[in-house]
Ligand SMILES: Cc1cc2nc3c(=O)[nH]c(=O)nc-3n(C[C@H](O)[C@H](O)[C@H](O)COP(=O)(O)OP(=O)(O)OC[C@H]3O[C@@H](n4cnc5c(N)ncnc54)[C@H](O)[C@@H]3O)c2cc1C
Ligand SMILES: Cc1cc2nc3c(=O)[nH]c(=O)nc-3n(C[C@H](O)[C@H](O)[C@H](O)COP(=O)(O)O)c2cc1C
Ligand code: FES
């Protein structure tokens, strides 16, 4: 049976302006988590009735790491939690990325979409990693990502790394690629789909949608695909790029 | 202690069910607890043909609840009959209510006909969906249409027929009486209240559909009031819902006149919500020396 898990926060820090990292202690969660899956966290402030979906950034032994940006009420409440506090959450949820061994992998991420890619990069064999950030201050996890593969960083304003989009960098090296994994803002994912089509590559996209139940029951979180509207929380968040329909 | 409730001739093990559209076909939540512990489930609103529903975003959180504009995405009644229903009936003992919708009167009749020879225990007729263009809520806000659809469904149905009423009306007792006079076996209320949320920064509504149905704890006082009014206006039994988060909320609905209750939005807050509502009712009965849950139905003492 699945459970609503209780997870103690054993570590908390602000890794960039308004971006909070939490390490949660729960053996079952850490053991079951696969790259690209997420947790659905209860906001226990007596006000918010909907949970908040946050991706699993990494997991090891009995610890699971999440990183999120403070956006509204829910993430603000989460950011105010301290070490020793306990979160209630469902997870791991969703399908996650499917790893194809022996393929030369490109990993493309943007903004908060970089966090879910970390465990993936650790699992892949020396991927080429292209991460885009708004500016130098928002660049996070640079050392960690660079330990897992060949890291290329781009910033929107050129204040660090390449001046432009991560995807432009990826296109320059596309010959060395068999499969693309991507997570980030919708326009970026749309561009990754176009890139994959142009060069005949396979790609997996991690999609984002507002959620209710988080387990496939309410049908609020759907992604438009070639096989109809499918639940991002259950049949996603990762979809093959050639199935996703962007309008 | 007795928790069994007889509703339209069907015996429910306990008065707690789950609300249509919030609980899929039960199988997702069955991974968290055995759903046979509930009185029953009302499945996602079914239509004759598969429907893809509305564009996203389909959900917005609001103070005291949420808005949804799913628009009846469902696999169609045939898939329900051939896949979900047999699975539920083979593995689960809770009652299964088919929630049905249509764009025309004939659709509703056809739905009832196609569910005749199935193991479905009861029909819940959704004439109150605020999220579809044709039919939906428009049917539930006109007493003549309520009568017409009730008659059409009753003429084809083999199971008891419960009409699900819309709260988006001036006088809900008028709709309740219309359904009763046309032969409805029971009523369920309330469906969602039509609402809207605008992002003041972008000046755009959050929902792709602009408007959606409001549900959750914020609607509870309106829902309890409507159950209370309807219970006094008709003789047929009532399923009460709208913002039930715990056992005491459910007891409130029963005191107002509901024989059964449904838990909807609360399932999103806590996947165990429906089970906790059931246990909360039992706790309340223990604490207050209530021997039979049926004693609660309509037992409010108005001032
Ligand atoms: C599968 C998945 C994984 C995610 N992983 C991460 C992550 O690792 N790190 C991170 O910073 N963010 C992540 N997000 C986005 C995160 O869920 C939202 O930023 C968060 O829900 C905002 O909540 P809030 O209360 O602060 O904002 P509010 O704007 O007050 O939220 C209001 C409602 O809208 C929903 N909502 C608002 N923005 C989003 C959004 N972008 N996506 C989904 N729902 C939204 C909220 O959940 C809530 O129900 C993920 C989203 C999804 C769907
Ligand atoms: C996401 C969602 C989908 C719904 N879909 C349906 C539906 O298909 N048919 C229906 O009759 N009611 C539907 N409803 C209404 C609920 O069954 C219920 O009447 C309403 O939400 C009030 O109860 P609550 O406050 O406990 O959620 C839906 C509600 C929600 C939140
Ligand atoms: S959030 Fe309910 S189906 Fe995805």
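Chains as they are written, first to last, in my numbering: chain A, 1 to 247; chain B, 1001 to 1303. No residue lacks a Cβ here, since even glycine has one placed at the ideal position from N, Cα and C. Small disclaimer: the values here were computed from a predicted structure and weren't measured.
Quick one: what does DSSP say residue 1303 (chain B) is sitting in, helix, strand or coil? Three-state result, residue 1303 (chain B): coil.
Is residue 1250 (chain B) closer than 8 angstroms to residue 1234 (chain B) when the C-beta atoms are compared? No; because the gap between Cβ atoms is not below 8 angstroms, this pair is not in contact.
Does residue 1141 (chain B) come out as helix, strand or coil in the three-state DSSP assignment? Reduced to three states, the DSSP call for residue 1141 (chain B) is coil.
Limits of the alpha helix (DSSP H) - the one that residue 146 (chain A) falls within: Here the alpha helix (DSSP H) through residue 146 (chain A) covers 142-148.
Please classify residue 204 (chain A): does DSSP put it in a helix, a strand, or coil? Residue state, collapsed to three classes: strand.
Taking residue 210 (chain A) as the query, report the chain B residues whose CB atoms sit under 9 angstroms from its CB, ordered along the chain. The answer, in chain order, is 1056, 1057, 1058, 1059, 1060, 1061 and 1206.
Residues whose Cβ lies closer than 7 angstroms to any heavy atom of ligand 3, in chain order: A Cβ closer than 7 angstroms to some heavy atom of ligand 3 marks a residue here, and those residues are A:211, A:212, A:213, A:214, A:215, A:216, A:217, A:218, A:219, A:220, A:221, A:231, A:232, A:233 and A:234.
Contact set between residue 1267 (chain B) and chain A, taken where Cβ atoms lie within less than 9 angstroms: Under the 9 angstroms cutoff, chain A gives 212, 213, 217 and 218.
Rounded to whole angstroms, what is the Cα-Cα separation between residue 108 (chain A) and residue 1064 (chain B)? One C-alpha to the other measures close to 38 angstroms.
Beta-carbon distances below 5 angstroms to any heavy atom of ligand 5 define the shell here; list its residues in chain order, please. You won't find ligand 5 in this model; what it holds is ligand 1, ligand 2 and ligand 3.
What are the residues in the segment 87-106 of chain A lying within 9 angstroms of chain B by C-beta distance? So the close ones are 88 and 90.
Chain-ordered neighbours of residue 229 (chain A) on chain B, where CB pairs are closer than 7 angstroms: Within chain B, the residues 1052, 1053 and 1073 have their CB atoms less than 7 angstroms from the CB of residue 229 (chain A), given in chain order.
Please classify residue 1028 (chain B): is it buried, with 16 or more other beta-carbons within 10 angstroms of its beta-carbon, or exposed? Around the beta carbon of residue 1028 (chain B), 16 or more other beta carbons sit within 10 angstroms, so the residue counts as buried.
Which residues, in order along the segment 37-66 of chain A, keep a beta-carbon less than 8 angstroms from a beta-carbon of chain B? The segment 37-66 of chain A vs chain B, Cβ under 8 angstroms: 42, 47, 48, 49, 50 and 51.
From residue 1209 (chain B) to residue 1054 (chain B), what does the alpha carbon distance come to, in whole angstroms? Going by the C-alpha atoms only, they are around 7 angstroms apart.
Classify residue 155 (chain A): buried if its beta carbon has 16 or more other beta carbons within 10 angstroms, exposed otherwise. By the neighbour-count rule (16 or more Cβ atoms within 10 Å), residue 155 (chain A) is buried.
Positions along the segment 138-156 of chain A whose CB lies within less than 8 angstroms of some CB in chain B: So the list is empty, because no residue satisfies the distance condition.
Is the closest heavy atom of ligand 2 to the C-beta of residue 1211 (chain B) under 7 angstroms? Of the heavy atoms belonging to ligand 2, none sits nearer than 7 angstroms to the Cβ of residue 1211 (chain B).
Can you confirm whether residue 4 (chain A), when its beta carbon is compared against all beta carbons of chain B, has any partner nearer than 8 angstroms? At least one chain B Cβ lies under 8 angstroms of residue 4 (chain A).
Less than 8 angstroms between CB atoms is the rule here; does residue 207 (chain A) satisfy it with respect to chain B? The beta-carbon of residue 207 (chain A) is placed no less than 8 angstroms from the nearest beta-carbon of chain B.
Counting only C-beta atoms, is residue 1066 (chain B) closer than 8 angstroms to chain A at any point? Under the Cβ criterion of 8 angstroms, residue 1066 (chain B) is counted among the residues facing chain A.
Interface residues of chain B facing residue 222 (chain A) [CB-CB closer than 8 angstroms]: Those are 1053, 1056, 1058 and 1073, listed as they occur along chain B.
Please check if any C-beta of chain A sits within less than 8 angstroms of the C-beta of residue 1070 (chain B). Yes, residue 1070 (chain B) lies at the interface with chain A (some Cβ there is under 8 angstroms from its Cβ).
Residues of its chain near residue 100 (chain A), where Cβ-Cβ distance is below 7 angstroms and the 5 sequence neighbours each way are ignored: Apart from the 5 residues on each side of it in sequence, residue 100 (chain A) sits with its Cβ closer than 7 angstroms to the Cβ of 179 in its chain, given in chain order.
Proximity test, residue 1208 (chain B) beta-carbon vs ligand 2 heavy atom, cut-off 7 angstroms: No, the beta carbon of residue 1208 (chain B) sits no closer than 7 angstroms to any heavy atom of ligand 2.
Is the shortest distance between the beta-carbon of residue 188 (chain A) and the beta-carbons of chain B less than 8 angstroms? It does not: the Cβ of residue 188 (chain A) has no partner Cβ on chain B nearer than 8 angstroms.
Taking 8 angstroms as the threshold (C-beta atoms), are residue 1214 (chain B) and residue 1186 (chain B) in contact? By the CB criterion at 8 angstroms, residue 1186 (chain B) and residue 1214 (chain B) fall outside the cutoff.
Span of the beta strand (DSSP E) around residue 64 (chain A): Element bounds for residue 64 (chain A): 63-69.
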